[in-house]
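A quick write-up on the structure given underneath.
Numbering (the working numbering), first residue to last: -15 to 335.
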């Protein structure tokens, strides 16, 4: 008899990891004169592979970044009236192996997601505190295209909104221990559990000059030319991105104090959750190969992806511990692939 718990576990894994691959329609008045139905399907399949690998990266990047945004180098915040308030900015970056020349896949570019915003916290007991974050931005609040140098990109940003909210409860499992007086001390081991929600929409259109290889494709079937490499040279595009990420994270961080003015913390974390990242796009360009002339084509795509549902990570953080002012930098590495990283910067007033 099958174990029902095992069956339920398998079904949950399939649910959380399910995604719909890219579905592309190609519009080209002249392509049928150079490729049969199988050849056209090969072009679509090659393009879908490019979309799948890159949008999956975006799904993973936003999910990883969703768990960040809490750069706090204090092992515990004392009960109210002690509290802190500040700001943070975090990014989750995927496919950093792109910059390794020996491993680079030019069709699979790096990607990422943003997190952070307003951070705040206070103690809720001698050994327990709570930390929260909130962030919202849209075009009415801030237009990224007004940044210096942004006008060098021929981009029209039609929609832009990101909303993030989260909180974690921390428990100081082991308290402060003096190791070398005034020089180096163990500030404590703190455990935490938290939840984070992120929602975002970006819609844009732009002229674009980039080439993607769609692979070796047999354009005219058996008896014709052998399979050949086909490139898509993009000239312009329009796209809309939507995403929703929900994650639950547990951490176990050890905190240290160095010469009173530096806090260092490190430890493992694990995030589990669910989300999606969807793409609607129309990409215009030219298909080029040895036997193809320059064939204009439009590729219209709809796709939806779920991130990996579980991220084990390891974190390092360093904080400048000035009275009332704390400046913190933090980074985490996805231990599953050791290619995805986060980087977080924060500054806060702590009383």
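Positions of the beta carbon are idealized from the N, C-alpha and C atoms, including for glycine.
{"Query": "From residue 298 to residue 316, what distance separates their C-alpha atoms?", "Result": "5 Å"}
{"Query": "Using CA atoms only, rank isn't needed, just tell me which of 294, 7, 59 is closest to residue 155.", "Result": "59"}
{"Query": "Just how far apart, CA to CA, sit residue 287 and residue 263?", "Result": "5 Å"}
{"Query": "Which two residues bound the contiguous beta strand (DSSP E) that contains residue 140?", "Result": "139 to 158"}
{"Query": "Helix, strand or coil for residue 331? Go by DSSP, reduced to three states.", "Result": "strand"}
{"Query": "Write down the C-beta distance between residue 101 and residue 118 rounded to the nearest angstrom, noting that I regard them as a contact closer than 8 Å.", "Result": "5 Å"}
{"Query": "Could you please give the first and the last residue of the uninterrupted alpha helix (DSSP H) stretch that includes residue 46?", "Result": "21 to 50"}
{"Query": "From residue 99 to residue 204, what distance separates their C-alpha atoms?", "Result": "48 Å"}
{"Query": "By the DSSP assignment, the beta strand (DSSP E) with residue 233 in it spans what residues?", "Result": "212 to 242"}
{"Query": "So, helix, strand or coil for residue 135, using DSSP?", "Result": "helix"}
{"Query": "Mind the definition here: the stretch 153 to 173 touches the stretch 119 to 127 only if three or more C-beta pairs lie below 8 Å; say whether that holds.", "Result": "no"}
{"Query": "So, with DSSP's three-state summary, where would you put residue -2?", "Result": "Residue confidence for residue -2 is low, a pLDDT of 42 falling below 50, so the modelled location carries little weight; the figure read from the coordinates is stated next. Of the three classes helix, strand and coil, the one that applies to residue -2 here is helix, per DSSP."}
{"Query": "What residues match up with residue 322 in a beta bridge as DSSP calls it?", "Result": "Answer by DSSP bridge pairing: none, since residue 322 is not bridged."}
{"Query": "If you draw a straight line from the C-alpha of residue 273 to the C-alpha of residue 212, how long is it?", "Result": "7 Å"}
{"Query": "Residue 130 by DSSP, collapsed to three states: which one?", "Result": "helix"}
{"Query": "Within the continuous beta strand (DSSP E) that includes residue 275, where are the two ends?", "Result": "Neither: residue 275 is in no beta strand (DSSP E) and is coded neither H nor E."}
{"Query": "Rounded to whole angstroms, how far is the Cβ of residue 103 from the Cβ of residue 114, which I believe are closer than 8 Å?", "Result": "Contact flag wrong, Cβ pair sits at about 12 Å."}
{"Query": "Just verifying my parser: in three-state terms, what is the DSSP assignment at residue 57?", "Result": "coil"}
{"Query": "Is the separation between the beta-carbon of residue 43 and that of residue 261 shorter than 7 Å?", "Result": "yes"}
{"Query": "Since I believe residue 54 is in contact with residue 152 (beta carbons under 8 Å), could you give me their beta-carbon distance rounded to a whole number of angstroms?", "Result": "6 Å"}
{"Query": "Which residue marks the beginning of the beta strand (DSSP E) containing residue 306, and which one marks its end?", "Result": "294 to 306"}
{"Query": "Going by DSSP, name the residue or residues bridged to residue 170.", "Result": "161, 240"}
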